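A short worksheet on the structure shown next.
In this note's numbering, the protein residues as written are 599 to 771.
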């Protein structure tokens with residue numbers, strides 16, 4: 599199995615009506631240097647200016663981004679090339695991030711290399727701490743910038759901390 603920490607930025611709350619603007623992924627291993635970054639042209643006329651502002655891009659900039667189908671095909675290839683066994687999707691907020699990634703994969707290329715499930719970093723941490731309110735974001739080394747590769751890398755650092763310092767048993771490539 600290979601774990602891929604993923605983070606997305608969007609211009610609204612749900613895929614289809616709104617667009618995934620960009621996303622980043624990092625293969626979770628000791629180096630954290632194998633990354634993917636995609637910027638996607640909007641698929642809808644609808645957008646929430648406040649949500650879009652989080653990404654740091656203007657609507658005009660996003661209109662010149664890459665074709666979503668091409669980005670999702672490239673992401674699928676990158677996952678396949680960097681997987682040892684089944685790829686596992688994990689994120690800080692998988693209810694949000696997974697929703698967009700899964701929808702875009704199925705909508706544009708009719709398959710999802712991650713299958714039908716995902717993992718949430720916070721739930722793993724809370725389970726190890728045996729505290730549903732446990733806080734973990736202080737364990738990131740990489741600054742949370744809302745650039746999705748930075749954010750995915752910071753979250754992957756937390757997963758590695760959980761493996762090394764807290765005894766989480768995960769197989770990493």
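For every residue, glycine included, the Cβ atom is placed at its ideal position computed from N, Cα and C. Predicted model only: the values in this text are computed from it and were never measured.
| Assigned secondary structure, residue 608 (DSSP; H/G/I helix, E/B strand, else coil) | strand
| task | Determine the burial state of residue 652: buried for a count of at least 16 other Cβ atoms within 10 Å of its Cβ, exposed for fewer. | result | exposed
| query | For residue 629, which option in 709, 758, 682 and 767 has the closest C-alpha, if you only look at C-alpha atoms? | reply | Per the Cα distances, 758.
| With a Cβ-Cβ cutoff of 9 Å, do residue 613 and residue 697 count as a contact? | yes
| residue 634 beta carbon less than 9 Å from that of residue 747 | Closer than 9 Å, so yes.
| field | Within-9 Å CB hit, residue 675 to chain C | value | No chain C is present in this structure, which holds just one protein chain.
| task | Report the rounded CA-to-CA distance for residue 743 versus residue 709, giving the unit in angstroms. | result | Using only the alpha carbons, I get a separation of about 30 Å.
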